[in-house]
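Asks:
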Amino acid sequence: MNRRAFLGATGAAAASLTAGCIGSGIVGGSRTVTLDYAYYNPVSLVLREKGWVGEEFEDSDASVEWVLSLGSNQANQYSQSGEAQAASTAGIAALMARSNGVPIRTGYIYSRPEWTALVAKSSSDISEVADLEGKSVAATLGTDPHFFLLQALDTAGLSESDVDIVDLQHPEGQDALLQDEVDAWAGLDPHMAELQLEHDVELFFRRPEFNTNGTLNFLEGFLQNHPEDVNRVLRAYERGREWAIENPEETVSILASASEMSKPVARKVFTDRTDLSAPIPGDQHRSLLSDLAPILQEKGFVDSSVDLQAAIDELVRPSISESVVNG
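Start counting the sequence shown at 1; every next residue gets the next number (full-length UniProt numbering).
(1) Between which two residues does the alpha helix (DSSP H) harbouring residue 177 extend?
(2) Inspect the CB distances between the region 98–107 and the region 182–201 and report whether three or more fall short of 8 Å.
(3) For residue 211, does the three-state DSSP call read helix, strand or coil?
(4) Alpha carbon to alpha carbon, how far is residue 212 from residue 112?
(5) DSSP three-state call for residue 306: helix, strand or coil?
(6) Report yes or no: do three or more beta-carbon pairs, one from the region 268–277 and one from the region 110–126, lie closer than 8 Å?
(7) Tell me where the beta strand (DSSP E) around residue 105 begins and ends.
(8) So, residue 190 versus residue 269, is the Cβ gap smaller than 8 Å?
(9) Helix, strand or coil: which one does DSSP assign to residue 29?
(10) Beta carbon of residue 156, beta carbon of residue 166: below 8 Å?
(11) Identify the continuous beta strand (DSSP E) that holds residue 121 and give its terminal residues.
(12) With 16 as the cutoff for other CB atoms within 10 Å, does residue 107 come out buried or exposed?
(13) So what does DSSP say about residue 259, is it helix, strand or coil?
(14) Could you check whether the region 129–149 touches the region 187–201, counting it as contact only if at least three pairs of C-beta atoms, one from each stretch, sit closer than 8 Å?
(15) Buried or exposed: residue 36, going by 16 or more other Cβ atoms within 10 Å of its Cβ?
Right, dumping it as structure tokens:
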């Protein structure tokens with residue numbers, strides 16, 4: 001997917017909204033604040049289950065709605081269209097969106113996960129990245145697993161032209177691997193953990209440093225026009241983050257119920273591969289994005305004229321959440 005294709009996909013949703021609605025949350029004459037929830041964002045599931053975002057807005061003139069993101073690409077579409085004022089993506093996907101004109105800023109880190117790896121059936125002849133040459137690999141374009149795959153191929157001296165990348169949403173990629181419709185899958189938790197525990201597969205390439213942070217991104221219009229609403233969302237997120245850290249088994253139960261996966265799968269995702277300790281985006285996040293940013297232009301996701309370092313500086317704004325987190 002090149003820059004034009006990305007903007008075309010996200011712009012289709014935007015065409016259905018009036019310009020006055022984008023970033024304002026105005027729907028049918030009453031103000032609505034819309035957030036996404038995602039199986040790859042356990043804190044969002046806690047908040048939705050507990051109703052804590054709604055509690056923050058009880059004394060406001062706004063109501064709260066939720067939309068499901070199945071991947072960072074879908075979350076970015078919500079941001080592009082203005083459908084959601086706050087949406088959760090992988091960090092590199094947020095940078096791609098910002099570099100392509102989506103008016104978002106990263107204000108919060110909802111997790112620092114190892115949520116992606118390359119997966120193949122144990123019975124296959126794939127045991128290392130080099131074995132992917134000429135093979136089909138499922139990946140959701142524009143998401144962390146896709147960028148993980150591109151980096152993995154590079155470690156073996158391969159490029160995307162050496163494999164057949166099949167664009168599928170994460171759950172569809174999981175199914176395609178199980179049904180032998182693809183040879184490998186750039187996986188994402190919790191679906192990847194389910195395969196690991198319940199099916200005969202191998203995570204044949206793992207590289208935690210290739211995973212980017214999970215980021216909560218806010219529309220600029222929302223930040224500018226409704227700063228107190230932003231703080232309400234962040235206060236709820238902090239409540240959810242702290243509760244999840246203190247109540248891991250209950251968080252596992254919420255994740256399992258929401259994603260319809262077993263508790264052992266949810267436990268592996270949350271306790272083994274999710275770090276909630278550092279919610280403020282800062283130098284670590286900027287450095288990670290700077291290291292990975294060139295791949296966006298090399299692969300045509302971002303126009304060559306874009307100053308990616310400037311885009312990172314515009315995107316990453318710790319000041320959005322510092323006062324709430326530090327209290």
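In this text, a Cβ means the ideal position worked out from N, Cα and C, and glycines have one as well. Because the structure is a prediction, the values reported are computed rather than measured.
Replies: Reading off the structure:
(1) 170–178
(2) no
(3) coil
(4) 7 Å
(5) coil
(6) yes
(7) 104–111
(8) yes
(9) Reliability of the predicted coordinates at residue 29 is poor, the pLDDT of 37 falling under 50, and the value obtained from them is presented with this limitation in mind. Here residue 29 sits in coil by DSSP.
(10) no
(11) 116–121
(12) buried
(13) helix
(14) yes
(15) buried
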